[in-house]
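Let me begin by presenting the structure, written as structure tokens, before commenting on it.
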Amino acid sequence: MGILQYLEDETGLVFQQISNSNIIVRARFANDLSSTQFLDEVVVVNYLTKGISLKNDGIIRLQPKQFGILPGLIEPDVLQTIQSLPGIMSVDERVSNLNVRGGTHDQNLILWDGIKMYQSGHFFGLISAFNPYLTEDVIVSKNGASAMYGDGVSSIIDMRSSNELQAKFSGGAGLNLISADAYTKV
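Those letters in the sequence shown? Residues 116 to 301, per the numbering used here, in order.
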């Protein structure tokens with residue numbers, strides 16, 4: 116019994132011998148708080164890739180200007196990046212049909228600068244309607260939402276564009292095998 120007593124002293128386990136060949140091992144519950152360690156707030160940054168942060172209240176924040184292209188994608192895309200988050204997927208492989216935790220795509224509230232978006236894709240839902248180069252900040256809430264959002268049963272995706280005034284005219288364009296896009300900042 117000497118080795119079991121040594122293990123009890125060195126670990127948080129309690130050993131109870133019930134027969135010659137059977138021993139019950141269980142965790143010892145500490146009643147004193149002196150051995151308890153309290154941790155500070157934990158915020159996970161660069162979740163999956165750069166530009167995705169997991170906040171302590173369950174909200175996921177995406178900053179499209181910072182995140183890179185995920186494996187399997189040919190260009191940065193807000194909705195496809197959201198699909199790489201846990202609990203979010205598309206049942207029919209369309210970019211615009213997001214199913215969050217078993218809900219249907221129409222149970223998501225998608226906002227662009229506070230405006231409710233009823234259609235979030237082009238070309239039968241295969242191409243995202245949101246340009247990642249114009250999107251400043253994306254907040255994804257799939258754990259419950261504030262009452263200010265109202266009718267987002269499954270999730271809320273709140274996209275914000277930049278409010279800063281440009282000193283000069285700028286723009287950009289993109290082209291791949293199935294789509295082309297362009298934008299200007301005035």
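From the three backbone atoms N, C-alpha and C, an ideal C-beta is built for every residue, glycine too. It should be emphasised that the depicted structure is a prediction, and the values quoted were computed from it without experimental measurement.
Residue i versus the options, residue with shortest Cα-Cα distance
i	options	result
THR196	SER261, ILE272, ASP207	ILE272
VAL301	LEU290, PHE284, ASN291	PHE284
LEU292	ILE242, ALA282, THR219	ILE242
VAL268	PRO179, ARG216, LEU249, ARG275	ARG216
GLN281	LEU224, THR299, TYR264, MET274	THR299
GLY289	GLN222, GLN132, ARG141, PRO191	PRO191
ILE167	ILE230, ARG143, GLN198, ASP155	GLN198
ASN223	GLY259, LEU188, ARG275	GLY259
ILE254	PHE239, SER276, GLY240, ASP266	SER276
Residue(s) in a DSSP beta bridge with residue i
i	result
ARG275	ASP252
VAL140	PHE130
LEU177	ILE167, VAL253
Inter-residue Cα distance where the pair is residue i and residue j
i	j	result
ALA297	PRO247	11 Å
ASP172	HIS237	33 Å
LEU226	ILE138	59 Å
GLY202	GLU251	24 Å
MET232	LYS180	22 Å
ILE175	LEU169	5 Å
GLU279	LEU249	12 Å
TRP220	GLY286	The question names Trp, but residue 220 in the sequence shown is His. Whole-angstrom Cα-Cα distance: 32 Å.
LEU177	GLN234	21 Å
LEU122	VAL129	8 Å
VAL140	GLY187	47 Å
ILE230	MET274	9 Å
PHE182	LEU200	14 Å
Segment limits, alpha helix (DSSP H) that includes residue i
i	result
THR196	193 to 198
TYR298	TYR298 -> not in any alpha helix (DSSP H); beta strand (DSSP E) instead, spanning 295 to 300.
GLU123	117 to 125
Endpoints, beta strand (DSSP E) assigned at residue i
i	result
LEU224	223 to 227
GLN131	128 to 132
LEU169	167 to 169
GLY286	285 to 290
LEU188	It is not in any beta strand (DSSP E) - LEU188 carries neither H nor E in the DSSP assignment.
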